[in-house]
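> Going from the sequence shown to the numbering used here is simple: count from 1 and add 441.
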Amino acid sequence: MAKGKKPATKRRSTPAKRSGGSTTRSTAQGAHPRRKRVLGALGLVLLVVASRVLILEGYGIDSESMEDSLLQGDLVLVERLSYGSEWIPDFEAPDVGDVVVFRRPEDGGVMVKRCVATAGQRVLIKNKVLHVDGVRAADPARSKYLDATIRPAKQSPRDHFGPYVVPPGHIFVLGDNRDASVDSRFFGPVSQPLLIGRAIAVLWPASRPNRWSRLGNGVD
């Protein structure tokens, strides 16, 4: 041993303390699934709300005015984007034949009727028969008339109406069951801002013997 040199002493390394390290990791790992579940639930809620507000909604049929195309008590699925909205303002006019959901011009009540004429078209009803632009319009496949009586024009616009030209930004609507329908013959044309959407399917049929055969049927 060299003179004056002290022997080297072995240093013992002290292991670092893992105060709560494994607990922290396990806590963090447990938090991730919970966070994912919460975010997933929030996403689902937002999707449902957005679907209801922007895209799809159910509406009940509360009268016989669209029979037999739609029956009183039916719940119909309505697509809200076809004709624009306050979020998507671009307006696409309904096509003739569309079954539309709208707010009644006089009081804002929700109604379901069929579009039979659009802006600029000439409507004439004579002895219950609808003519558009001088051509007899075909009746919807399941429309019906309950009353064989022809009411004079002075008494009611039900069986005699027009001629009338639909103004810009409006549509003319009739119920398929025209003898039992209050529609544009009585309250006038429907303007674009009053349109809610287009009926596309029977979401839940009325309580009738043929309920199950009509479940999910398209509206035409």
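All residues carry an ideal CB built from backbone N, CA and C; glycine is no exception. Owing to the predicted nature of the structure, the values given are computational and were not obtained by experimental measurement.
1) Tell me the residue span of the beta strand (DSSP E) that contains Arg639.
2) Can you tell me where the alpha helix (DSSP H) with Arg626 in it begins and where it stops?
3) Quick one: Cα of Met507 to Cα of Val553, how far?
4) Comparing C-alpha positions only, which one of Ser504, Ile496, Leu480 and Leu512 sits nearest to Val643?
5) State the DSSP-derived secondary structure class of Val614, mapped to helix, strand or coil.
6) With a threshold of 16 other CB atoms inside 10 Å of the CB of Met442, please say whether the residue is buried or exposed.
7) Which residues in the same chain as Gly565 place their Cβ atom closer than 6 angstroms to its Cβ, once the five residues preceding and following it in sequence are excluded?
8) May I have the straight-line CA-CA distance separating Gln562 from Leu497, to the nearest angstrom?
9) My output table needs one value for Ala621: the three-state DSSP class, helix, strand or coil.
On the basis of the supplied data:
1) Along the sequence shown, one-based indexing puts residue 639 at 198. Taken as a continuous stretch (DSSP letters only), the beta strand (DSSP E) holding Arg639 covers Leu636 to Trp645.
2) In the sequence shown, counting from the first residue as 1, residue 626 sits at position 185. Per DSSP, Arg626 belongs to the alpha helix (DSSP H) from Ser625 to Phe628.
3) What you label residue 507 is simply residue 66 of the sequence shown in a count that begins at 1. What you label residue 553 is simply residue 112 of the sequence shown in a count that begins at 1. Roughly 8 angstroms separates the two Cα atoms.
4) Residue mapping note: residue 643 aligns to position 202 of the sequence shown, counting from 1. Answer by Cα proximity: Leu512.
5) Taking the first residue of the sequence shown as position 1, residue 614 is located at position 173. Strand at Val614.
6) In the sequence shown, the residue the question calls residue 442 occupies position 1. Residue confidence for Met442 is low, a pLDDT of 49 falling below 50, so the modelled location carries little weight; the figure read from the coordinates is stated next. Exposed is the call here.
7) Residue numbering aside, residue 565 sits at position 124 when the sequence shown is read from its first letter. The identity of residue 565 in the sequence shown is Leu, whereas the question assumes Gly. These residues qualify, in order along the chain: His572, Gly603 and Pro604.
8) Residue numbering aside, residue 562 sits at position 121 when the sequence shown is read from its first letter. Residue numbering aside, residue 497 sits at position 56 when the sequence shown is read from its first letter. Near 30 angstroms, if we compare the C-alpha coordinates of Leu497 and Gln562.
9) Here residue 621 is taken as the residue at index 180 of the sequence shown, counted from 1. DSSP places Ala621 in helix when its eight states are reduced to three.
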